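Below is one structure, written out as structure tokens; the observations come after it.
Residue numbers (the working numbering): 4 to 158.
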């Protein structure tokens, strides 16, 4: 089932070993029972772009319902043009996931991490369009272009 809120952002931060300011994030995730197994924490909002961190629990396949909800929030609800993700060069699983969604490498931040570089991935609405079509949107309750509301950032 799709879950939203601070608990998703906290889960993503814990899984990735990063800090997030919950006042400035929106979390969208997928849970089996009470356990979150996939999540996205959206942050650094502008009218055109949102940054995102994504975490996937090991041992679970990528759920298409999660992908539909994860991409519905920025493109259909926040109505931004693109998502930006920063992915370590050596994290081949995350890079493959970003590319599976339609993301493209736009640049490299050399020596941005202790032992790695960070790749800048961009995902435009055009490149994410297949996930925003009826077969996937029906999974999250979208009918006739109207989505279930996902919690907005805290103020």
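Think of the CB as a built atom: it goes at the ideal place given N, C-alpha and C, for glycine as much as any other residue. Just so we're clear, the structure is a prediction, and the values are computed from it rather than from any experiment.
For residue i, tell me which candidate among the options has the shortest Cα-Cα distance.
i	options	result
residue 114	92, 103, 101	92
residue 7	14, 30, 24	30
residue 54	81, 117, 18, 118	81
residue 45	56, 51, 39	56
residue 13	132, 5, 25	25
residue 68	33, 17, 127	33
Inspect the beta-carbon positions of residue i and residue j and report whether they are closer than 8 Å.
i	j	result
residue 85	residue 110	no
residue 130	residue 105	yes
residue 27	residue 78	no
residue 40	residue 63	yes
residue 83	residue 52	yes
Quick one: grab the DSSP three-state call for residue i.
i	result
residue 54	strand
residue 108	strand
residue 149	For residue 149, the predicted model reports a pLDDT of 39, less than 50, meaning its position is unreliable; a value from the coordinates is still stated below. Three-state DSSP puts residue 149 in a strand.
residue 38	strand
residue 85	strand
residue 120	coil
residue 44	strand
residue 7	strand
Measure how close the beta-carbons of residue i and residue j come, nearest whole angstrom, since I'm counting them as under 8 Å.
i	j	result
residue 36	residue 15	Not really, about 18 Å apart at Cβ, beyond 8 Å.
residue 88	residue 101	6 Å
Check the Cβ-Cβ distances between residue i and every residue of chain D, and say whether any is below 8 Å.
i	result
residue 107	The structure shown has no chain D; it contains just one protein chain.
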